[in-house]
Amino acid sequence: MAWVRTGAPHGAVLTADYQSAGRGRHQRAWISARGQNVMLSMILRTAFGNRVGWVPLAAGLAVAETVDAITNEAGTPVQAQVKWPNDVRIGTGKLAGILAESA
106 MAWVRTGAPH GAVLTADYQS AGRGRHQRAW ISARGQNVML SMILRTAFGN RVGWVPLAAG
166 LAVAETVDAI TNEAGTPVQA QVKWPNDVRI GTGKLAGILA ESA
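The sequence shown runs 106 to 208 under our numbering.
Dropping the structure here:
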C-alpha cells in the first residue's frame, strides 16, 4: 500500500521471491518459503468503489479458466475450481489465493 500511496502506476506489478509477513482473509498469517510460490501484487487504479469485493472472484475465475485451457504431462485436461471467495483449487490442493484491498 505504501507503493500505491507514492504513485505506483496503474497496471504495475510487484513480485516477491518469498513472503514472511503476509496476510490472508480475516488477518490470517500467510508465509511462503523462498522459491515455493509465485507471489505478486498488481496496482489497479480504477473506480471499483464498494465492488472491490468482487475482484478476487473475477481474478479467480480468470486463473481457473487459464488453468482449464492447459493439460498435464499425461495429456489429461486440468480442471480448476474457484472456492468462494478467493481461492483457486485443483482437487484438494490450493493453486492460488487472491486478496484485494482498496485505498
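We treat Cβ as the ideally placed atom computed from N, Cα and C, and that holds for glycine.
*According to DSSP, which residues form a beta bridge with GLN81?*
This structure cannot settle anything about residue 81, because the visible part of the chain is limited to 106 through 208.
*Under the three-state reduction of DSSP, which class applies to VAL168: helix, strand or coil?*
Indexing the sequence shown from 1 puts residue 168 at position 63. Of the three classes helix, strand and coil, the one that applies to VAL168 here is helix, per DSSP.
_Exposed unless 16 or more other CB atoms sit within 10 angstroms - verdict on GLY116_ = Locating residue 116 in the sequence shown gives position 11, where the first residue counts as 1. Result: exposed.
*By Cβ distance, which residues of its chain are closer than 7 Å to ALA164, with the 5 residues on each side in sequence left out?*
On the sequence shown, residue 164 is found 59 positions in, with the first residue counted as 1. Excluding residues within five positions, the ones whose Cβ falls inside 7 Å are ILE203.
*Where do the ends of the beta strand (DSSP E) carrying VAL118 lie?*
Within the sequence shown, the letter at position 13 stands for residue 118. Residues 118-121.
*So, helix, strand or coil for ALA163, using DSSP?*
Position 58 of the sequence shown, counted from the first residue, corresponds to residue 163. Note: ALA163 maps to helix in three-state DSSP.
_Spatially closest choice to ARG139 from ALA174, THR120, THR197, by CA coordinates_ = As a working mapping, residue 139 is identified with position 34 in the sequence shown. Per the Cα distances, THR120.
*Of the listed residues GLY180, SER137, ALA185, THR176, nearest to LEU166 (C-alpha basis)*: By 1-based counting over the sequence shown, the position of residue 166 is 61. Closest by alpha carbon: ALA185.
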